[in-house]
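Taking it in order: structure first as structure tokens, then the write-up.
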């Protein structure tokens, strides 16, 4: 099969859990085609005890063999909750050719790169490399998390979150402007200029105006 195989596709992959936090016994992994939004495949993983196995006949019972032929065990992984997203990706990517005649070679996913690194180490498609792209929404959220973290880590005597400082309203404004700047400028240089223009625009006041060195850059917010 050629590297330029026409059925190499860009997909979004993500995992979710039945309950919040990394304590859930049930997780779901989903692969969605990037341009059409079609769900290509999904898998449900459970590391919980199978009730059928617990209540069904034991191995030394006479009816065990007949029961075992029709029984589908509810437990299909030993992975802990925090790793079910990675395990789900391995299951779905390994069967992509057999099931959908597709290779998921370009992945749009969140900040958690464990899934991507594990897939690369698995060499799912042999010598065909996998590429990863960050979702703008996740990058934008990291900006907000970083700013909120700056308040938490602020030294005593430097109240970053006080009035006139890095308030929650300003963080929200900066985060939204940041996302707009990323979306509006596909080139790195234009993106950098727009981000800095956003910073100067959001922090400038009548009392202390800041001069934007990138004045004139296109910012349509």
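In the working numbering, the protein residues as written are 757 to 977.
For each residue, glycine too, the CB sits at the ideal point set by N, CA and C.
Do residue 888 and residue 797 have their beta-carbon atoms positioned less than 8 Å apart in this structure?
no
From the DSSP output, in three-state form, read off residue 802 for me.
Looking at residue 802 - three-state DSSP - the assignment turns out to be strand.
Let me confirm a value: residue 867 is counted as buried when at least 16 other C-beta atoms fall within 10 Å, else exposed. Which label applies?
Because the pLDDT at residue 867 is just 48, under 50, the model does not fix this residue reliably, and the value given afterwards should be weighed accordingly. Answer is exposed; the Cβ neighbour count stays below 16.
Measuring only the C-alpha atoms, how far is residue 1006 from residue 935?
Here the chain covers residues 757 to 977 and nothing more, so residue 1006 does not appear.
If you compare alpha carbons, which of 902, 893, 906 is closest to residue 937?
Per the Cα distances, 893.
When every heavy atom of the ligand GTP is checked, does at least one fall within less than 7 Å of the C-beta of residue 781?
Of ligands this structure carries none, so the ligand GTP is not represented either.
Between which two residues does the alpha helix (DSSP H) holding residue 893 run?
892 to 908
Cβ of residue 880 within 8 Å of Cβ of residue 842?
no
Do the segment 800 to 807 and the segment 829 to 844 touch if we need at least three Cβ pairs shorter than 8 Å?
yes
Can you name, in chain order, every residue of its own chain whose Cβ lies under 8 Å from the Cβ of residue 958, other than the five neighbours on each side?
926, 929, 930, 933
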